[in-house]
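Chemist:
Residue numbers (this note's numbering), protein chains in the order written: chain A, 1 to 83; chain B, 84 to 517.
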């Protein structure tokens, strides 16, 4: 079931998730920016259309509120020369 | 017999389960395939803006100008491989139902509609590839994200939307870039970047399918007795640093950029060399109280060769001077504060102030400004206050009041003249990012 969810998320995000893992990117950002333990950060990465993974990946607004007082700065894809 | 029946039932159950499993696998495969087959993801933005501009001039009645404008873009992104990605934006901007009476050659949009005669025109604002053969190095080529750079994103509460600080050269530049991203820490990033934007002088004949290339070196200035010039491409170099998750601010951004081009033709008889340096600092969410502060400081150094002869004018003009050949230096500042009001019931709206200053000979290539008048390239002072109200995730409305008191006229050709005009403007801007 979890795998299916990931696949659906992949569909939502298109090919950007074909090789990169947006959940890992978000977890890393939460750990680095909010000094949260990786296990806790995993639980803050929520799936779904309005979940924190999509919010962080699309980066419509920054910072992204991932709960528990943690807000992470994201980068808008296509806005930086050289990524 | 009973055992046989039970065995048969058990076997059939296993077979059914296997069939179910296979079905699940197939469904997953189908989803996976759909994901891979859809190699592009899409996003974009929509913006509509209303302005009520008032122009005051000594001894004259106030003039008012109302504007309704539409701006938008469709972004696409593809990651065919983990080491390269492609980005693009098709953008457009327009006035609502514009009817430019008295302007030769224009018919306005009252007669506008999709037509075969338009030859399929669309504006490609970005289209570039990032190729990262090794973790710390990226090669970029194409039409680059050089517009909408900082601090323009702050007013709408967005993440950074462009690479070049907007005071440097807010024009859609094509080019090649080398970006070095040395690993300096988990919550820090540093990008050292060199961008070459080569110039082209191609004249394409559609009838003969041929090209003529203008000479690149020793181009005559067009002024008798003046030396020839050599053109140098646009060169830019940047240092882009970010530190996130500190107690000082949620994000600290520092950018330095230099940009230079030599002897670029403004007119056939006039060439201009420009050197700009910009420093930008941004403190986002200072001490986590919702306050963001930013300052952008830019210097411009303009040298010109040759002159433009204006019919009826008593003297030839050049870049920023009323004489052949010239050299002028200027500077500009943008500074601002934005504060997120801690009112959850109102979705944490923001209040902001911004101050802009430019010296007499300051030039700013701000081609993508949303403002109703020369706000960010003012030679004098300007300022605004604004209120940003989030309506839904990705949907905001910003209302603001702007004022400007230019001491000198804007423009590149000729010496700036004293200005007696004052501008004030009220605006409302609805923006959707999707």
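Idealized CB from N, CA, C, for every residue including glycine.
The model shown is predicted, which means the values in this text are computed figures rather than measured ones.
For chain B, find out if any of its Cβ atoms is closer than 9 angstroms to the Cβ of residue 26 of chain A; answer yes or no.
Modeler: Reading the first chain from its first residue, position 26 is the one you call residue 26 of chain A. No, because no Cβ of chain B sits closer than 9 angstroms to the Cβ of residue 26 of chain A.
Chemist: In terms of residues, what are the limits of the beta strand (DSSP E) holding residue 199 of chain B?
Modeler: Residue numbering aside, residue 199 of chain B sits at position 116 when the second chain is read from its first letter. Looking at the DSSP string, residue 199 of chain B is not in any beta strand (DSSP E), and its letter there is neither H nor E.
Chemist: Taking the alpha-carbon positions, what's the residue 328 of chain B to residue 434 of chain B distance?
Modeler: Locating residue 328 of chain B in the second chain gives position 245, counting from the first residue. Locating residue 434 of chain B in the second chain gives position 351, counting from the first residue. Taking the straight line joining both Cα atoms gives about 23 angstroms.
Chemist: Starting from the Cα of residue 372 of chain B, find the closest Cα among B:277, B:156, B:252 and B:431 and give me that residue.
Modeler: Position 289 of the second chain, counted from the first residue, corresponds to residue 372 of chain B. When only C-alpha atoms are compared, the closest one is B:431.
Chemist: What are the start and end residues of the beta strand (DSSP E) that includes residue 343 of chain B?
Modeler: Residue 343 of chain B sits at position 260 when you count from the first residue of the second chain. Per DSSP, residue 343 of chain B belongs to the beta strand (DSSP E) from 332 to 350.
Chemist: Give me the Cα-Cα distance between residue 258 of chain B and residue 142 of chain B, rounded to the nearest whole angstrom.
Modeler: In the second chain, the residue the question calls residue 258 of chain B occupies position 175. In the second chain, the residue the question calls residue 142 of chain B occupies position 59. Approximately 49 angstroms between the Cα atoms of the pair.
Chemist: Please report the distance separating the alpha-carbon of residue 370 of chain B from that of residue 387 of chain B.
Modeler: For the purposes of this step, residue 370 of chain B is identified with residue 287 of the second chain, where counting begins at 1. For the purposes of this step, residue 387 of chain B is identified with residue 304 of the second chain, where counting begins at 1. If I take the Cα positions, the gap works out to 47 angstroms.
Chemist: Compute the Euclidean distance between the alpha carbons of residue 157 of chain B and residue 318 of chain B, then round it to the nearest angstrom.
Modeler: Your numbering for residue 157 of chain B matches position 74 in the second chain. Your numbering for residue 318 of chain B matches position 235 in the second chain. In a straight line, the C-alpha of residue 157 of chain B is about 29 angstroms away from that of residue 318 of chain B.
Chemist: Would you kindly report the start and end of the unbroken alpha helix (DSSP H) that includes residue 23 of chain A?
Modeler: One-based indexing of the first chain puts residue 23 of chain A at position 23. Note, residue 23 of chain A: alpha helix (DSSP H), 22 to 34.
Chemist: Go through its chain and collect everything with a Cβ distance to residue 176 of chain B's Cβ below 6 angstroms, but skip five positions before and after it.
Modeler: For the purposes of this step, residue 176 of chain B is taken as the residue at position 93 of the second chain. Cβ within range, chain order: 154.
Chemist: Which of the three DSSP states, helix, strand or coil, is assigned to residue 77 of chain A?
Modeler: Residue numbering aside, residue 77 of chain A sits at position 77 when the first chain is read from its first letter. Residue 77 of chain A: coil per DSSP, three-state reduction.
Chemist: Could you say which of B:268, B:282, B:269 and B:262 lies nearest to residue 275 of chain B if we only look at CA atoms?
Modeler: Residue 275 of chain B sits at position 192 when you count from the first residue of the second chain. Among B:268, B:282, B:269 and B:262, the Cα nearest to that of residue 275 of chain B belongs to B:262.
Chemist: Got a sec: is the Cβ-Cβ distance from residue 503 of chain B to anything in chain A below 9 angstroms?
Modeler: Numbered from 1 along the second chain, position 420 holds the residue referred to as residue 503 of chain B. Not one chain A Cβ lies under 9 angstroms of residue 503 of chain B.
Chemist: Verify whether the separation of the beta carbon atoms of residue 438 of chain B and residue 462 of chain B is less than 9 angstroms.
Modeler: Within the second chain, residue 438 of chain B is the residue found at index 355, counting from 1. Within the second chain, residue 462 of chain B is the residue found at index 379, counting from 1. Cβ atoms of residue 438 of chain B and residue 462 of chain B: not closer than 9 angstroms.
Chemist: Nearest to residue 495 of chain B by CA position, among B:181, B:403 and B:449, is which residue?
Modeler: Residue 495 of chain B sits at position 412 when you count from the first residue of the second chain. It is B:403 whose Cα lies nearest to the Cα of residue 495 of chain B.
Chemist: Taking 9 angstroms as the CB-CB limit, is residue 52 of chain A close to chain B?
Modeler: Taking the first chain and counting its residues from 1, one reaches residue 52 of chain A at position 52. No, residue 52 of chain A lies away from the interface with chain B (no Cβ there is under 9 angstroms from its Cβ).
Chemist: Residues of chain B with a CB under 8 angstroms from the CB of residue 83 of chain A: which are they?
Modeler: One-based indexing of the first chain puts residue 83 of chain A at position 83. Those are 168, 213, 215, 221, 262 and 264, listed as they occur along chain B.
Chemist: Going by alpha carbons, who is nearest to residue 479 of chain B out of B:378, B:132, B:336 and B:316?
Modeler: Taking the second chain and counting its residues from 1, one reaches residue 479 of chain B at position 396. When each option's Cα is compared against that of residue 479 of chain B, the closest is B:132.
Chemist: Find the residues of chain A that neighbour residue 228 of chain B, judging by a C-beta separation of less than 8 angstroms, and give them in chain order.
Modeler: Here residue 228 of chain B corresponds to residue number 145 of the second chain, with the count starting at 1. What residue 228 of chain B touches in chain A: 78, 79, 80 and 81.
Chemist: According to DSSP, residue 354 of chain B sits in a beta bridge with which residue or residues?
Modeler: Position 271 of the second chain, counted from the first residue, corresponds to residue 354 of chain B. Note: residue 354 of chain B sits in a beta bridge opposite B:348 and B:388.
Chemist: At a threshold of 8 angstroms, does residue 159 of chain B count as lining the ligand ADP (C-beta to nearest heavy atom)?
Modeler: You won't find the ligand ADP in this model; it holds no ligand whatsoever.
Chemist: For residue 62 of chain A, is the classification buried or exposed, using 16 other Cβ atoms within 10 angstroms of its Cβ as the cut-off for buried?
Modeler: If you number the first chain from 1, residue 62 of chain A lands on position 62. So residue 62 of chain A ends up on the buried side.
Chemist: Quick check: what's the CA-CA separation for residue 270 of chain B versus residue 408 of chain B?
Modeler: Here residue 270 of chain B refers to the residue found at position 187 of the second chain. Here residue 408 of chain B refers to the residue found at position 325 of the second chain. Approximately 49 angstroms between the Cα atoms of the pair.
Chemist: Relative to the C-alpha of residue 368 of chain B, which candidate in B:350, B:242 and B:163 has its C-alpha closest?
Modeler: Start at 1 with the first residue of the second chain, and residue 368 of chain B comes out as number 285. Checked all of B:350, B:242 and B:163; the closest Cα to residue 368 of chain B is B:242.
Chemist: Report yes or no: is there a C-beta of chain B within less than 9 angstroms of the C-beta of residue 63 of chain A?
Modeler: Your numbering for residue 63 of chain A matches position 63 in the first chain. Yes - at least one Cβ of chain B is within 9 angstroms of the one on residue 63 of chain A.
Chemist: Quick check on residue 264 of chain B: buried or exposed, where buried means 16 or more other Cβ atoms within 10 Å of its Cβ?
Modeler: For the purposes of this step, residue 264 of chain B is taken as residue 181 along the second chain, with counting starting at 1. Burial call: buried.
Chemist: Once the 5 residues before and after residue 473 of chain B are set aside, which same chain residues still bring their CB inside 6 angstroms of it?
Modeler: Taking the second chain and counting its residues from 1, the one referred to as residue 473 of chain B is at position 390. Closer than 6 angstroms at Cβ, skipping near neighbours: 430 and 479.
Chemist: Along the chain, which unbroken stretches of the beta strand (DSSP E) at least 3 residues long are found entirely within the region 141 to 195 of chain B?
Modeler: With a minimum length of 3 residues, the continuous beta strand (DSSP E) runs that stay inside the region 141 to 195 of chain B are 146 to 164 and 167 to 178.
Chemist: Assuming contact is defined by CB atoms lying nearer than 9 angstroms, are residue 254 of chain B and residue 448 of chain B in contact in what I supplied?
Modeler: Here residue 254 of chain B is taken as the residue at index 171 of the second chain, counted from 1. Here residue 448 of chain B is taken as the residue at index 365 of the second chain, counted from 1. Cβ distance < 9 angstroms, so residue 254 of chain B and residue 448 of chain B count as in contact.
Chemist: Would you identify the three-state DSSP class for residue 220 of chain B, choosing helix, strand or coil?
Modeler: Counting from one through the second chain, the residue named residue 220 of chain B turns up at place 137. Note: residue 220 of chain B maps to strand in three-state DSSP.
Chemist: With burial defined as no fewer than 16 other Cβ atoms inside 10 Å of the residue's Cβ, what is the status of residue 160 of chain B: buried or exposed?
Modeler: Position 77 of the second chain, counting from 1, holds the residue named residue 160 of chain B. Answer is buried; the Cβ neighbour count reaches 16.
Chemist: CB-CB under 7 angstroms to residue 60 of chain A, same chain, minus the five flanking residues each way: which ones, in chain order?
Modeler: Position 60 of the first chain holds residue 60 of chain A. Nothing meets the Cβ criterion.
Chemist: Quick check on the DSSP output: the beta strand (DSSP E) that includes residue 509 of chain B runs from which residue to which?
Modeler: One-based indexing of the second chain puts residue 509 of chain B at position 426. Segment 504 to 516, the beta strand (DSSP E) holding residue 509 of chain B.
Chemist: Is the beta carbon of residue 231 of chain B closer than 9 angstroms to that of residue 451 of chain B?
Modeler: Within the second chain, residue 451 of chain B is the residue found at index 368, counting from 1. Within the second chain, residue 231 of chain B is the residue found at index 148, counting from 1. The answer is yes: Cβ separation under 9 angstroms.
Chemist: Taking only beta-carbon atoms, is residue 270 of chain B less than 9 angstroms away from chain A?
Modeler: One-based indexing of the second chain puts residue 270 of chain B at position 187. Yes, because at least one Cβ of chain A sits closer than 9 angstroms to the Cβ of residue 270 of chain B.
Chemist: Go through its chain and collect everything with a Cβ distance to residue 365 of chain B's Cβ below 6 angstroms, but skip five positions before and after it.
Modeler: Within the second chain, residue 365 of chain B is the residue found at index 282, counting from 1. Taken in chain order, the residues that qualify are 336 and 377.
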